[in-house]
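The sequence shown begins at 149 in the numbering used here and counts up one residue at a time.
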Amino acid sequence: MKKLILSAVAAASLVGCTSVESAVVSGSEIAANGEAVAVIQGSSLGLTAIFHIIDIVQSDLDTVVNKLLISEAKAMGASKVDLKSANTTPRHGIFALFGTIIGITSSSATGVAVK
149 MKKLILSAVA AASLVGCTSV ESAVVSGSEI AANGEAVAVI QGSSLGLTAI FHIIDIVQSD
209 LDTVVNKLLI SEAKAMGASK VDLKSANTTP RHGIFALFGT IIGITSSSAT GVAVK
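Here it is, written out as structure tokens:
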């Protein structure tokens, strides 16, 4: 019973490993491809197994850009995001060795929400 509760707590804590931060800005003070609404940063942590083959908790650029940045921009009234930077943990080649049994991956992206 204790193992079940511990695994449920661990799984619940891993699901909540995303963060979206935003700052509202004046459109005249930020250079963008339209009227700037806000600067948005999204981050996500993931958990993989067996050389990053199995995603236990997904964290990739698709998740960060589409589910975090774009959804936050649309919630703030913007029509698109001017992506400034994006990065993720490499998973292929020599980098697969770092996720031998269990691996932790991270992804983040930053952009300007514009109307």
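Think of the CB as a built atom: it goes at the ideal place given N, C-alpha and C, for glycine as much as any other residue.
Task: First through last residue of the beta strand (DSSP E) which encompasses Ala261 - done: It spans Ile250 to Val262 - the beta strand (DSSP E) in which Ala261 sits, taken as one unbroken run.
Worksheet entry | Beta-bridge pairing of Ile202 - partner residues as DSSP gives them | Ile202 is bridged by DSSP to Ala197.
Distance, Ser155 Cα to Met149 Cα: Annotation: Met149 to Ser155 spans about 10 Å, alpha carbon to alpha carbon.
- Message: Just to check my reading of the structure: Ala197 and Asp230 have Cβ atoms closer than 8 Å, yes? What is that Cβ distance to the nearest angstrom?
- Response: With a Cβ gap of about 36 Å, Ala197 and Asp230 do not count as contacting.
Q.
Using the three-state DSSP reduction, which class does Ala171 fall into: helix, strand or coil?
A. It is a strand residue.
task: Could you name the residues that DSSP lists as bridge partners for Ala184?
output: In the DSSP output, where bridge partners are listed per residue, Ala184 has Val262.
Q.
Please classify Val172 as buried or exposed, where buried requires at least 16 neighbouring CB atoms within 10 angstroms.
A. By the C-beta density criterion, Val172 is exposed, having fewer than 16 other C-beta atoms within 10 angstroms.
- prompt: Does the Cβ of Ser255 have 16 or more other Cβ atoms within 10 Å, making it buried, or fewer, making it exposed?
  reply: Burial call: buried.
query = Who are the near neighbours of Ala261 in its chain, counting only those whose CB is closer than 6 Å to its CB and skipping five residues on each side?
reply = Closer than 6 Å at the Cβ level, and outside the excluded window around Ala261, lie Val185, Ala186, Ile188, Ala221, Met224, Ala226 and Val229.
- Task: Work out the CA separation of Leu216 and Ser176 for me, nearest whole Å.
- Result: About 25 Å.
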